[in-house]
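Working notes, beginning with the structure itself.
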Amino acid sequence: MQKQKRNTAIWQHALLTVLAIVWIFPIVWIVLTSFRGEGGAFVTYFIPKDFTLENYKMLLTSNTYPFVRWFFNTLFVAICSCILSTLITIAMAYSLSRLRFRMRKPFLKVALVLNMFPGFMSMIAVYYILKAMNLTGSLLALIIVYSSGAALGFYIAKGFFDTIPMALDESAMIDGASKFEIFTKITLPLSKPIIVYTALMAFMAPWMDFIFAKIILGDNVEKYTVAIGLFTMQTKDKINEYFMAFTAGCVLIAIPITLLFIFMQKYYVEGITNGSVKG
Amino acid sequence: MDTTHVKGKLSFRQLFKEGDLATKLSYFVMGSANFANKQFVKGLGFLALEVGFIAWLAMNGIKALSMLQTLGTKTQGWILDEELGIEIQQPGDNSMLLLLFGIAALIVIAMFLVMYVMNLKSARKIHLLKQEGKALPTLKEDLRSLLNENFHITLMTIPLLGVLMFTVLPLIYMVSIAFTSYDHNHLPPKNLFSWVGFENFGKVITGDIASTFFPVFGWTMVWAVLATATTFFFGILLALLINAKGVKGKKVWRTIFVITMAVPQFVSLLLMANMFNGAGPVNALLQNWGLISEPIPFLTDGLLAKITIIFVNMWVGIPVTMLVATGIITNLPTDQIEAAEIDGATKLQVFKNITFPQILFVMAPSLIQQFIGNINNFNVIFLLTGGQPANSNFYNAGETDLLVTWLYKLTVSAADYNLASVIGILIFVLSAVFSLIAYTRSGSYNTEGA
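Order-wise, the sequence lines are chains P and B.
Take 1 as the starting number for the first sequence in full-length UniProt numbering and just add one per residue.
Take 1 as the starting number for the second sequence in full-length UniProt numbering and just add one per residue.
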């Protein structure tokens with residue numbers, strides 16, 4: 001019995017090790033490549049022969065690909081839409097979960113329907129609306145588009161608010177609290193996990209999105225976000241020249257987001273398990 | 001809406017009969033009843049809305065609406081300018097803008113009607129309150145109600161305006177496009193397009209586009225099922241493995257997988273595309289080890305590309321399921337499992353009959369959501385293969401294109417907006433069917449009844 005137990009344990013650890021290697025392999029590869037001294041997109045070996053910081057230097061000083069600028073563009077958009085989206089999502093989710101008004105149920109159904117249309121379908125129309133407002137090619141347009149989308153992405157946060165007992169609100173109401181006071185003094189302090197989760201998702205979205213960003217920003221390279229910027233470095237005619245700079249950019253982007261994510265992991269898990277997964 | 005409780009119902013027709021002059025006048029001049037009863041700010045608001053609306057209607061609205069029928073008749077072209085003696089370009093109608101403005105006009109009118117009804121409701125309330133001899137709410141009370149009974153109005157107005165502008169308007173616009181001839185041959189402002197009814201739907205379902213639509217549709221479904229099932233099933237297995245009794249360093253293992261989840265998808269997917277390139281490191285390693293002599297066409301052979309996509313998606317998706325499943329597993333009641341173990345059940349039996357069904361039960365709604373998400377999974381395909389390898393039998397689509405990426409190509413590279421729009425509507429129908437199943441079966445819907 002003892003021996004059999006030890007055998008299973010060995011097998012379990014061996015299997016986990018193999019899986020971990022498979023999962024880590026691409027990440028190690030990208031980090032190694034970003035320090036590779038030899039040129040060319042692909043080489044036939046895994047570990048570079050020369051290590052260098054040139055790729056990072058090139059990325060940070062290049063004029064054709066102003067990475068630093070892109071980085072601060074993205075940071076700006078991410079911070080603004082993080083704040084706006086979180087406010088909007090929480091406001092919508094709270095209203096639809098805790099408040100009772102006549103249009104509530106119809107609205108929940110309409111929102112569900114609206115969410116089912118693929119987002120790309122309307123991107124051309126969104127582009128022309130922004131153009132009519134003279135906003136295309138600006139970061140403000142991106143912030144508006146990301147934040148206005150937040151108004152329909154309230155389902156997870158709503159699921160969270162649904163789990164807070166209604167009795168809390170009722171007892172506060174008996175004590176004479178207004179809905180506004182209940183919201184700010186009772187519900188919000190209890191909702192830290194979902195607020196952090198929403199903010200985290202909203203902050204990360206601009207770092208990842210390139211479809212909408214590309215269409216809205218067009219050829220305005222100055223205003224690019226990192227995602228579009230790095231994506232443009234990947235085209236066939238440029239890949240040989242810029243591949244290592246591209247990987248260096250990937251590493252630079254992935255590090256802060258990964259740290260943020262690991263740091264906030266607890267909220268992420270609470271967010272999805274409490275919000276979306278309900279029996 | 002009511003700040004003070006009002007008894008009984010009164011239809012607007014009855015109100016018109018019973019009401020005093022100011023109430024009657026409210027049917028024509030918005031806000032009259034409010035003015036007559038000293039609710040000046042409210043009255044002024046209603047009046048300003050009406051004046052603004054009529055001014056807009058006269059200046060832009062009527063024109064915008066009338067153009068909606070034809071979507072423009074004047075083509076852009078060259079005409080001889082008699083005075084200058086040369087040909088100058090004459091600006092024509094732009095069907096696309098006309099359609100957009102027309103729809104925007106319809107939305108403005110709808111919003112005005114809502115305000116009009118609110119005006120009548122306000123008049124009705126004043127009428128009823130006066131009948132009962134109660135005091136009318138002052139401006140201060142009305143404003144205070146925005147933090148209490150009407151708090152939802154405060155919270156939702158701005159978000160909803162955003163939705164109207166950047167979701168509803170674009171969607172109505174794009175749905176309308178499906179019924180027009182807006183394709184690469186009818187690009188405004190050089191050419192006009194017009195309404196064609198259901199012609200585009202016919203093209204996609206039975207016409208010349210059908211030979212692309214059905215294969216792409218088939219692959220989309222296969223992909224969605226396989227992608228959802230593999231990440232779900234293996235994610236749970238991984239969670240069970242990490243949480244098994246004998247495993248040491250659970251937190252370390254978990255973190256390793258979670259790290260990969262945090263890497264931005266466009267980074268990891270672009271990376272995978274490079275790794276599986278014919279000259280990429282995976283092929284290089286395999287060749288160096290002497291396992292293969294020729295590079296494997298991971299992403300350039302139709303079938304292999306599809307398999308590769310599913311595997312890469314597992315790399316992306318398994319950690320997510322693992323994380324959620326871990327949360328569930330650690331909260332599962334253990335007594336059942338212990339009882340089963342005492343009865344001599346094997347690990348497999350415990351998994352098959354106890355653990356898995358319980359996890360499945362909890363995760364079922366999110367599983368269907370994931371399935372819908374996968375039907376619309378643009379990133380994986382776009383970044384990994386871009387729909388490649390090409391298929392000469394397809395219209396603007398490659399072997400691995402999903403409906404969504406095909407939709408994207410039809411808009412961005414082919415400029416067949418009408419076909420793209422039809423595909424969008426079909427994707428919607430598909431998602432709607434599955435969402436409906438998910439929504440009606442989920443717990444949150446059943447408790448909504450209360």
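Just so it is clear, CB atoms sit at the ideal spot from N, CA and C, and this is done for glycine as well.
Option in ILE255(P), THR74(P) and THR17(P) with minimal Cα separation from VAL252(B):
Counted from its first residue, the second sequence places residue 252(B) at position 252. Checked all of ILE255(P), THR74(P) and THR17(P); the closest Cα to VAL252(B) is THR17(P).
7 Å CB neighbourhood of LEU270(B) in its chain, flanking five on each side removed:
Stepping through the second sequence from its first residue, residue 270(B) is reached at position 270. Around LEU270(B): LEU383.
Between the alpha carbons of ALA239(B) and MET322(B), how many angstroms are there, rounded?
Within the second sequence, the letter at position 239 stands for residue 239(B). Within the second sequence, the letter at position 322 stands for residue 322(B). Answer to the nearest angstrom: the Cα atoms are 5 Å apart.
Output, in chain order, the set of chain B residues within a Cβ distance shorter than 7 Å of THR258(P).
Counting from 1 along the first sequence, the entry for residue 258(P) is found at position 258. Ordered by position in chain B, the residues that pass the 7 Å Cβ test against THR258(P) are ILE259, ALA262 and VAL263.
Find the nearest neighbour of THR258(P) within the set TRP207(P), MET103(P), GLY137(P) and ALA111(P), judged by alpha-carbon distance.
Your numbering for residue 258(P) matches position 258 in the first sequence. Ranking the options by Cα distance to THR258(P), first place goes to TRP207(P).
Whole-Å CB distance - ASN376(B) paired with PRO118(P), under 8 Å assumed:
As a first step, residue 376(B) is located in the second sequence; it is residue number 376 there, counting from the start. As a first step, residue 118(P) is located in the first sequence; it is residue number 118 there, counting from the start. Indeed they touch by this definition, with Cβ atoms about 5 Å apart.
Give a yes or no on whether the minimum CB-CB distance between TYR94(P) and chain B is below 8 Å.
The count along the first sequence starts at 1 and reaches residue 94(P) at position 94. It does: the Cβ of TYR94(P) has a partner Cβ on chain B nearer than 8 Å.
Within the continuous alpha helix (DSSP H) that includes LYS214(P), where are the two ends?
For the purposes of this step, residue 214(P) is identified with residue 214 of the first sequence, where counting begins at 1. Run containing LYS214(P): 211-217, per the alpha helix (DSSP H) assignment.
State the beta-bridge partners of PHE101(P) as determined by DSSP.
Here residue 101(P) refers to the residue found at position 101 when the first sequence is read from its first residue. PHE101(P) is not bridged to any residue.
Please look up how many angstroms separate the CB atoms of GLY211(P) and THR136(P), rounded, as I've assumed it's under 8 Å.
Along the first sequence, read from residue 1 onward, the residue named residue 211(P) stands at position 211. Along the first sequence, read from residue 1 onward, the residue named residue 136(P) stands at position 136. Checking the sequence shown, residue 211(P) turns out to be Ile, not Gly. In fact, because the Cβ distance is near 15 Å, the residues do not count as touching under 8 Å.
Does GLN69(B) pass the burial test, meaning 16 or more other C-beta atoms within 10 Å, or should it be called exposed?
Taking the first residue of the second sequence as position 1, residue 69(B) is located at position 69. Looking at its Cβ environment, which holds fewer than 16 other Cβ atoms inside 10 Å, GLN69(B) is exposed.
I need the DSSP call for GLN12(P), collapsed to helix, strand or coil.
Mapped onto the first sequence, residue 12(P) falls at position 12. Looking at GLN12(P) - three-state DSSP - the assignment turns out to be helix.
Helix, strand or coil for GLY278(B)? Go by DSSP, reduced to three states.
Position 278 of the second sequence, counted from the start, is the residue given in the question as residue 278(B). It is coil, neither helix nor strand.
Please check if any C-beta of chain P sits within less than 8 Å of the C-beta of GLY424(B).
For the purposes of this step, residue 424(B) is taken as residue 424 along the second sequence, with counting starting at 1. Interface residue, yes.
What first and last residue would you give for the alpha helix (DSSP H) that runs through ASN313(B)?
Mapped onto the second sequence, residue 313(B) falls at position 313. Segment 302-329, the alpha helix (DSSP H) holding ASN313(B).
Buried versus exposed call for ARG124(B) [16 or more other C-beta atoms within 10 Å across all chains shown]:
Position 124 of the second sequence holds residue 124(B). Counting Cβ neighbours within 10 Å, ARG124(B) comes out buried, since at least 16 surround it.
Taking the alpha carbon of SER95(B) as the point to measure from, which residue in TYR182(B), GLY344(B) and VAL258(B) has its own alpha carbon closest?
Taking the second sequence and counting its residues from 1, the one referred to as residue 95(B) is at position 95. For the residues TYR182(B), GLY344(B) and VAL258(B), the minimum Cα distance to SER95(B) belongs to TYR182(B).
Please report the residue range of the alpha helix (DSSP H) in which HIS127(B) lies.
Within the second sequence, numbered from 1, the residue matching residue 127(B) stands at position 127. Run containing HIS127(B): 95-131, per the alpha helix (DSSP H) assignment.
In angstroms, rounded to a whole number, what distance separates the CA positions of PHE72(P) and VAL145(P)?
As a working note, residue 72(P) is residue 72 in the first sequence. As a working note, residue 145(P) is residue 145 in the first sequence. Distance between the alpha carbons of PHE72(P) and VAL145(P): 19 Å.
Over the uninterrupted alpha helix (DSSP H) stretch that includes TRP56(B), give me the two end residues.
What you label residue 56(B) is simply residue 56 of the second sequence in a count that begins at 1. Where TRP56(B) is concerned, the enclosing alpha helix (DSSP H) stretches over 40-56.
Local conformation of THR64(P) per DSSP, three classes:
Translated into positions along the first sequence, residue 64(P) becomes position 64. Coil, per DSSP.
Taking Cβ-Cβ distances below 8 Å as the criterion, which residues of the segment 273-288 of chain B are in contact with chain P?
ASN274, MET275, ASN277, ALA279, GLY280, PRO281, ALA284, LEU285, GLN287 and ASN288
Local Cβ density within 10 Å of ARG100(P), reported as buried at 16 or more and exposed below that:
Here the question's residue 100(P) lines up with position 100 in the first sequence. Exposed, because fewer than 16 other Cβ atoms sit within 10 Å of the Cβ of ARG100(P).
Nearest CA to the CA of PHE161(P): which residue from ARG98(P), ILE124(P), ALA78(P) and LEU84(P)?
Within the first sequence, the letter at position 161 stands for residue 161(P). Closest by alpha carbon: ARG98(P).
Any beta carbon from chain B within less than 8 Å of VAL196(P)'s own beta carbon?
Mapped onto the first sequence, residue 196(P) falls at position 196. It does not; no Cβ of chain B falls within 8 Å.
When THR8(P), GLN2(P) and GLN4(P) are compared against VAL247(B), the one with the closest alpha-carbon
Residue numbering aside, residue 247(B) sits at position 247 when the second sequence is read from its first letter. The candidate whose alpha carbon is nearest that of VAL247(B) is THR8(P).
Just to make sure I have the definition right: I need the residues of chain P whose C-beta is within less than 8 Å of the C-beta of ASN148(B). Which are they?
As a working note, residue 148(B) is residue 148 in the second sequence. Neighbours of ASN148(B) on chain P, chain order: SER178, LYS179 and PHE180.
If we ignore side chains and look at the alpha-carbon of each, how far apart do GLY373(B) and LEU130(P) end up?
Within the second sequence, numbered from 1, the residue matching residue 373(B) stands at position 373. Within the first sequence, numbered from 1, the residue matching residue 130(P) stands at position 130. So the alpha carbons of these two residues sit roughly 27 Å apart.
So the alpha helix (DSSP H) PRO389(B) belongs to, where does it begin and stop?
Position 389 of the second sequence, counted from the start, is the residue given in the question as residue 389(B). No alpha helix (DSSP H) contains PRO389(B), which DSSP labels as neither H nor E.
Going by Cα to Cα distance, which pick from ALA55(B), LEU164(B), LYS306(B) and PRO333(B) is closest to GLU111(B)?
Position 111 of the second sequence, counted from the start, is the residue given in the question as residue 111(B). Here residue 111(B) is Met; the residue named in the question, Glu, does not match the sequence. Residue LEU164(B) is the option with its Cα nearest to MET111(B).
Just list the alpha helix (DSSP H) runs in the segment 86-151 of chain P, keeping only unbroken ones of 4 residues or longer that don't cross its boundaries, in chain order.
104-115, 123-132 and 139-150
Taking a cut of 9 Å between CB atoms, which residues from the segment 18-48 of chain P lie near chain B?
LEU19, ALA20, VAL22, TRP23, ILE24, PHE25, PRO26, ILE27, TRP29, ILE30, THR33, ALA41, PHE42, VAL43, THR44, TYR45 and PHE46
Which residues in the same chain have their Cβ closer than 8 Å to the Cβ of GLU448(B), if we skip the five residues on either side of it in sequence?
Position 448 of the second sequence, counted from the first residue, corresponds to residue 448(B). In this predicted model, GLU448(B) has a pLDDT of only 47, less than 50, meaning its place in the structure is not dependable; the value taken from the coordinates is given anyway. Same-chain partners within the cutoff: there are none.
Does the beta-carbon of MET174(B) have 16 or more other beta-carbons within 10 angstroms, so that it is buried, or is it exposed?
In the second sequence, counting from the first residue as 1, residue 174(B) sits at position 174. When all chains shown are included, MET174(B) counts as buried.
For GLY387(B), count the other beta carbons within 10 Å of its own beta carbon; 16 or more makes it buried, fewer makes it exposed. Which is it?
Within the second sequence, the letter at position 387 stands for residue 387(B). Answer is buried; the Cβ neighbour count reaches 16.
Considering only the alpha carbon of each residue, which of ALA254(P), SER34(P) and SER122(P) lies closest to PHE51(P)?
Working through the first sequence from its first residue, we reach residue 51(P) at position 51. Nearest C-alpha to PHE51(P): SER34(P).
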